[in-house]
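What follows is a single structure, written as structure tokens, with notes after it.
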Amino acid sequence: SQQGEEDPQALSIQEGENATMNCSYKTSINNLQWYRQNSGRGLVHLILIRSNEREKHSGRLRVTLDTSKKSSSLLITASRAADTASYFCATVTSGTYKYIFGTGTRLKVLA
Amino acid sequence: NAGVMQNPRHLVRRRGQEARLRCSPMKGHSHVYWYRQLPEEGLKFMVYLQKENIIDESGMPKERFSAEFPKEGPSILRIQQVVRGDSAAYFCASSPLGLPDGETQYFGPGTRLLVL
Numbered sequence: 032s033q034q035g036e037e038d039p040q041a042l043s044i045q046e047g048e049n050a051t052m053n054c055s056y057k058t059s060i061n062n063l064q065w066y067r068q069n070s071g072r073g074l075v076h077l078i079l080i081r082s083n084e085r086e087k088h089s090g091r092l093r094v095t096l097d098t099s100k101k102s103s104s105l106l107i108t109a110s111r112a113a114d115t116a117s118y119f120c121a122t123v124t125s126g127t128y129k130y131i132f133g134t135g136t137r138l139k140v141l142a
Numbered sequence: 004n005a006g007v008m009q010n011p012r013h014l015v016r017r018r019g020q021e022a023r024l025r026c027s028p029m030k031g032h033s034h035v036y037w038y039r040q041l042p043e044e045g046l047k048f049m050v051y052l053q054k055e056n057i058i059d060e061s062g063m064p065k066e067r068f069s070a071e072f073p074k075e076g077p078s079i080l081r082i083q084q085v086v087r088g089d090s091a092a093y094f095c096a097s098s099p100l101g102l103p104d105g106e107t108q109y110f111g112p113g114t115r116l117l118v119l
């Protein structure tokens, strides 16, 4: 399996519910980032969490990072139909130049 | 401040033709990254360039693919003699600082290549 795997692969919830997505990775990292991609569009940067941080908030988003378990979670609270998109985590392995993206979680929020 | 620009947004080529994808980074950014995304998959790193230098091309196929970022003008990803398997979305990203010192990359809207 590759660096940066998200689960679940797909998630369908009702508007107003919370959505939680998880990301696991394999190597030591400098930081981890979450991106959103609407169908057929580019990526939008959501939030960056550094390896020495445990939790970060941005609006309705909450990201946690557990470096001992090499995992991160993205929580979207009070979801809206407009949150329907694919969500990717991306990591930069310490000392390297490239972002490694996971395969993404496809979130569908039903109105 | 315009974001990362890519053109064309959609490109159709027949097998054996050449595809040229262009990327203009954000103003003030001198680091450019190219990624490929196959349908229903995440982005795969291809190449990282600074002005006039290829820093890391470990994700780029050795044959038919090349990339450049000249002193003046956009970064170009070139695919020669395209095959159907090259059909994908190609994204460019830029950052003001390079990795590992830099952090956030800003992505363009992508070029969707279809090879017939």
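Residue numbers (the numbering used here), protein chains in the order written: chain A, 32 to 142; chain B, 4 to 119. Even glycine gets a Cβ: it sits at the ideal position worked out from N, Cα and C.
| said: When you compare the stretch 104-111 of chain A with the stretch 44-64 of chain A, are there three or more beta-carbon pairs, one atom per stretch, that lie closer than 8 Å? | reply: For the pair of segments examined, the stretch 104-111 of chain A was found to touch the stretch 44-64 of chain A: the number of CB pairs separated by less than 8 Å reaches three.
| task | Give the secondary structure of A92/B by DSSP, where H, G and I count as helix, E and B as strand, and everything else as coil. | result | Secondary structure of A92/B (DSSP, three-state): strand.
| Can the beta-carbon of Q9/B be found closer than 7 Å to that of P99/B? | It is not a contact, given that the beta carbons lie outside the stated cut-off.
| query | Who are the near neighbours of V50/B in its chain, counting only those whose CB is closer than 6 Å to its CB and skipping five residues on each side? | reply | Closer than 6 Å at the Cβ level, and outside the excluded window around V50/B, lie W37, E60, M63, A70.
| What distance in whole Å lies between the Cβ atoms of T136/A and A41/A, which are believed to be in contact at a cut-off of 8 Å? | Contact between A41/A and T136/A holds: CB atoms are separated by about 7 Å, below the 8 Å threshold.
| task | Apply the 10 Å Cβ neighbour rule to R85/A and answer buried if 16 or more other Cβ atoms are within range, or exposed otherwise. | result | Flag for R85/A reads exposed.
| said: Is there a C-beta anywhere in chain B that falls below 7 Å from the one on H76/A? | reply: Among the residues facing chain B, H76/A is included, as its CB has a counterpart in that chain under 7 Å away.
| Separation of G45/B from R25/B, as counted between CA atoms | Per the coordinates, the alpha-carbon of R25/B lies some 21 Å from the alpha-carbon of G45/B.
| message | My output table needs one value for R18/B: the three-state DSSP class, helix, strand or coil. | response | In the three-state DSSP reduction, R18/B falls in the coil class, being neither helix nor strand.
| message | For a quick check, are the C-beta atoms of Y118/A and R67/A less than 7 Å apart? | response | For Y118/A and R67/A, yes; Cβs fall inside 7 Å.
| task | Note down, in chain order, every chain B residue with its Cβ under 9 Å from the Cβ of Y130/A. | result | Result: Y36, Y38, L46, F48, A96, L102, Q108.
| request: Give the range of the beta strand (DSSP E) segment to which T124/A is assigned. | output: It spans 116-124 - the beta strand (DSSP E) in which T124/A sits, taken as one unbroken run.
| task | Please compile the residues from chain B whose C-beta is within a distance smaller than 9 Å of the C-beta of R72/A. | result | For the C-beta of R72/A, the chain B residues within less than 9 Å are, from N- to C-terminus, P112, G113.
| request: Check whether the Cβ of E21/B sits closer than 6 Å to any heavy atom of the ligand HEM, and report yes or no. | output: Looking for the ligand HEM in the displayed structure turns up nothing, as the structure carries no ligands at all.
| field | Reduced DSSP category for A113/A - H, G, I as helix; E, B as strand; rest coil | value | Looking at A113/A - three-state DSSP - the assignment turns out to be helix.
| query | Going by alpha carbons, who is nearest to I79/B out of S90/B, K54/B, L119/B? | reply | With distances taken between Cα atoms, I79/B lies closest to K54/B.
| query | Quick one: does T134/A have its CB under 7 Å from some CB of chain B? | reply | Among the residues facing chain B, T134/A is included, as its CB has a counterpart in that chain under 7 Å away.
| field | N- and C-terminal bounds of the beta strand (DSSP E) containing N61/A | value | Segment 60-68, the beta strand (DSSP E) holding N61/A.
| Are the beta-carbon atoms belonging to A22/B and L116/B less than 7 Å from one another? | Yes; because the gap between Cβ atoms is below 7 Å, this pair is in contact.
| Less than 7 Å separating the beta-carbons of A91/B and R12/B? | With a cutoff of 7 Å on beta-carbon distance, A91/B and R12/B are scored as not near each other.
| request: Using beta-carbon positions only, say whether N61/A and L79/A come within less than 7 Å of one another. | output: Not in contact: N61/A and L79/A (Cβ atoms no closer than 7 Å).
| Would T114/B be called buried (16 or more neighbouring beta carbons within 10 Å of its own) or exposed? | By the 10 Å Cβ count, T114/B comes out buried.
| task | Return the CA-CA distance between T95/A and V140/A, expressed in angstroms with no decimal places. | result | Rounded to the nearest angstrom, the gap between the Cα atoms of T95/A and V140/A is 22 Å.
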